[in-house]
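Everything below concerns the one structure shown next.
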Amino acid sequence: MSRRTGQRGSVFQKGTSAWSQVVPAYGEFWIDTPDGRKRKTVSLGVCHSRTVAKQKLREYIESEGINSVETFIAGTSPALTFKKQAEIYMDALAVRRRKPIKPATLSVWRSNLNKRILPTLGDMPLSEVGNAAMKLFVDKCNADGLAPKTIVSYCALVKLVVASAVNAEGERIYKRTWNHEFVGLPIVDNSKLKRPTLTADEVSIVISNANERYAVLFALLAGTGLRIGEALALKTTNFASDCRTISVERSMWNGQEQDPKTPSAVRVIDVPESLASMLRGIVAGKTGYIFTTRSGRPMTQRCVLSALHELAGKAGLHSFRRFRTSVLRKSRVPEDLTKLWLGHADSSITDGYARQLREDVSFRQEWAEKCGLGFQLVHLGPPQAVEMAGVVAA
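Encoded structure:
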């Protein structure tokens, strides 16, 4: 390929010996295919001179990228289907060193591919997955009644798979300019997204009706804003001796430890005394993970979610986190503390300057006590607390 200088093609008119200003002109050039180089002819329309025809042909060759490395590789490579490239991409994600993908995200993407994307695009040659194919996919999603946010997420994954095909130099083989208007990609209205949360009364009812295995966990989620993976990964060593602070260092997914969602998720959360008193009874005398099954294995999110659905319908585990966020906002907790406790990244230079406030323990705990839990905590008596601790940490 390094010895090839490209081509400009040739122009001609049919049935004429001299150039005519009224006869249509045509252009010829070579294209690369898996079976070798072949001639291709395109219509240039009526051109007043041979020079004009040559200019139009050069513009066509340039716009189609006929002389580009990407076109050469795409034309001479064996047919590669979208499904095959998706498999290559997902396998590479699992082991890549830069910006590693969390197992939970990888699982969701694999499910999206198998359930929705591959049935429509899987057998297509990767070279043909462009705007027309994407339009076909979006139309299918709309016909199936999928929400705009879901369709946008699926399309983003399709784009990632197409972009993942690279040559030996790491350059994209199939460069795409996606036309969202032509494709019909829906516009997501954030105000219409379903973000279920729980009220203070609902939180109290869920905790009071939950069995011993889940009551403390639900109270902890609602009172701290912990993500469920962060809560399930907590060990006794993550609690201060008085349980007024919790250090978040890891997350749990499918029974396996992993790094927290983002670097900002590694943090310290201050706990109101009303919740800390309950936690002290659970943590005392225990080792290892706090929330486990009866067999001693870490709880899974699926089991916890099933328990919540029995008590609160289709409310998700993230509902507790949204509830805690609303409590902090209503209590007018300083924004830098809210971001610290929830594990959100700084959004401005000023946030970075405010970190000194985060290091003031008395200041943090004063605000933790001031805003409280935001719900009526069902206190457990000593016998019940002992029983619960045995069930949760056994």
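Take any residue in the sequence shown, note its place counting from 1, add 1488, and you have its number in the working numbering.
All C-beta atoms in this analysis are idealised placements derived from N, C-alpha and C, irrespective of residue type, glycine included.
Could you tell me which of the options sits nearest to residue i, measuring between CA atoms?
i: Leu1705; options: Glu1690, Ala1719 and Ile1554; result: Ala1719
i: Ser1615; options: Arg1585, Leu1568 and Leu1545; result: Leu1568
i: Leu1805; options: Ile1675, Thr1750, Pro1684 and Lys1637; result: Pro1684
i: Leu1709; options: Leu1686, Asp1627, Gly1743 and Ser1498; result: Leu1686
i: Val1649; options: Tyr1662, Val1626, Val1691 and Gln1509; result: Tyr1662
i: Val1654; options: Arg1790, Arg1852 and Ala1580; result: Ala1580
i: Cys1859; options: Arg1660, Asp1730, Asp1848 and Leu1825; result: Leu1825
i: Lys1749; options: Arg1546, Gly1610, Ala1574 and Pro1588; result: Pro1588
i: Asn1678; options: Val1640, Ala1656 and Ala1651; result: Val1640
i: Gly1801; options: Arg1660, Trp1518, Ser1599 and Ile1693; result: Ile1693
i: Leu1545; options: Phe1517, Phe1570, Arg1525 and Lys1572; result: Phe1517
i: Lys1572; options: Leu1609, Gln1543 and Arg1585; result: Leu1609
i: Gly1711; options: Gly1862, Lys1526 and Arg1538; result: Gly1862
i: Lys1601; options: Asp1520, Pro1613, Glu1575 and Ala1582; result: Looking at the sequence provided, one finds Leu at residue 1601 rather than Lys. Of Asp1520, Pro1613, Glu1575 and Ala1582, the residue nearest in Cα terms is Glu1575.
i: Ile1519; options: Pro1607, Lys1542 and Glu1552; result: Glu1552
i: Leu1645; options: Phe1670, Gln1853, Ala1656 and Val1596; result: Val1596
i: Met1622; options: Arg1584, Phe1670 and Arg1585; result: Phe1670
i: Glu1761; options: Arg1782, Arg1584, Ala1728 and Thr1775; result: Ala1728
i: Pro1636; options: Val1676, Leu1606 and Gly1784; result: Val1676
Just the Cα atoms here: how many angstroms apart are residue i and residue j?
i: Gly1533; j: Tyr1514; result: 7 Å
i: Arg1664; j: Gly1618; result: 7 Å
i: Leu1673; j: Lys1647; result: 13 Å
i: Asn1452; j: Ala1772; result: Residue numbering for the chain in the displayed model covers 1489 to 1882; residue 1452 lies beyond these limits and cannot be assessed.
i: Glu1700; j: Asp1689; result: 19 Å
i: Gly1429; j: Val1821; result: The chain is shown from 1489 up to 1882; residue 1429 falls before or after that span and cannot be answered.
i: Thr1724; j: Trp1829; result: 19 Å
i: Phe1808; j: Val1691; result: 8 Å
i: Ala1703; j: Asn1697; result: 8 Å
i: Leu1634; j: Pro1591; result: 25 Å
i: Val1754; j: Ser1735; result: 8 Å
i: Val1815; j: Trp1855; result: 12 Å
i: Cys1643; j: Ala1631; result: 15 Å
i: Val1499; j: Met1578; result: 46 Å
i: Lys1526; j: Ile1549; result: 15 Å
i: Asn1555; j: Ala1506; result: 30 Å
i: Cys1791; j: His1797; result: 10 Å
i: Gln1543; j: Gly1658; result: 33 Å
i: Ala1656; j: Arg1586; result: 19 Å
i: Arg1496; j: Ala1541; result: 11 Å
i: Thr1813; j: Glu1547; result: 57 Å
According to DSSP, is residue i helix, strand or coil?
i: Thr1539; result: helix
i: Val1649; result: helix
i: Ala1877; result: No answer about Ala1877 holds up, because its pLDDT of 32 lies below 50 and its placement is not dependable.
i: Ser1490; result: Only weak support exists for where Ser1490 lies, its pLDDT of 42 falling under 50; the value from the coordinates is given anyway. Of the three classes helix, strand and coil, the one that applies to Ser1490 here is coil, per DSSP.
i: Glu1516; result: strand
i: Tyr1662; result: coil
i: Thr1950; result: The structure shown has nothing for residue 1950, since the chain only spans 1489 to 1882.
i: Gln1501; result: strand
i: Arg1683; result: coil
i: Ser1735; result: strand
i: Phe1955; result: Residue 1955 lies beyond the range of the chain shown here (1489 to 1882); nothing can be said about it.
i: Ile1757; result: strand
i: Val1534; result: strand
i: Val1596; result: helix
i: Trp1507; result: coil
i: Leu1569; result: Note that residue 1569 corresponds to Thr in the displayed sequence, not to Leu. Reduced to three states, the DSSP call for Thr1569 is strand.
i: Gln1864; result: coil
i: Thr1529; result: strand
Kindly list the residues whose CB is nearer than 7 Å to the CB of residue i, restricted to its own chain and excluding five residues on each side of it in sequence; keep chain order.
i: Ala1707; result: Ile1695, Leu1763, Met1766 and Leu1865
i: Asp1611; result: Thr1569 and Lys1571
i: Ala1651; result: Arg1660
i: Arg1598; result: Met1578
i: Arg1604; result: Tyr1642
i: Ser1531; result: Pro1512 and Tyr1514
i: Glu1745; result: Ala1721 and Arg1738
i: Gln1853; result: Arg1732 and Asp1758
i: Ser1819; result: Lys1858 and Cys1859
i: Glu1823; result: none
i: Ala1803; result: Pro1684, Leu1686 and Leu1796
Residues in the same chain with beta-carbon distance under 8 Å from residue i, minus the five sequence neighbours each way, listed in chain order, please.
i: Pro1786; result: Leu1720, Ala1721, Met1740, Gly1743, Tyr1777, Phe1779 and Thr1780
i: Asn1667; result: Asn1619
i: Val1511; result: Gln1501, Lys1502, Gly1503, Thr1504 and Val1534
i: Ser1752; result: Lys1827, Gly1831, His1832, Ala1833 and Asp1834
i: Arg1582; result: It should be noted that the sequence gives Ala, not Arg, for residue 1582. If we look at Ala1582 and ignore the five residues flanking it on each side, its Cβ neighbours are Ile1589 and Leu1594.
i: Leu1799; result: Ile1693, Val1694, Asn1697 and Ala1698
Could you pull out every residue in the same chain whose Cβ sits closer than 6 Å to the Cβ of residue i, ignoring the five residues on either side in sequence?
i: Gln1789; result: Ile1716
i: Thr1733; result: Val1756 and Asp1758
i: Thr1529; result: Tyr1514 and Glu1516
i: His1536; result: Gln1509
i: Arg1768; result: Cys1731
Do we get a CB-CB distance below 8 Å when we pair residue i with the residues of chain C?
i: Ile1661; result: Although the question refers to chain C, the structure presented lacks it and comprises just one protein chain.
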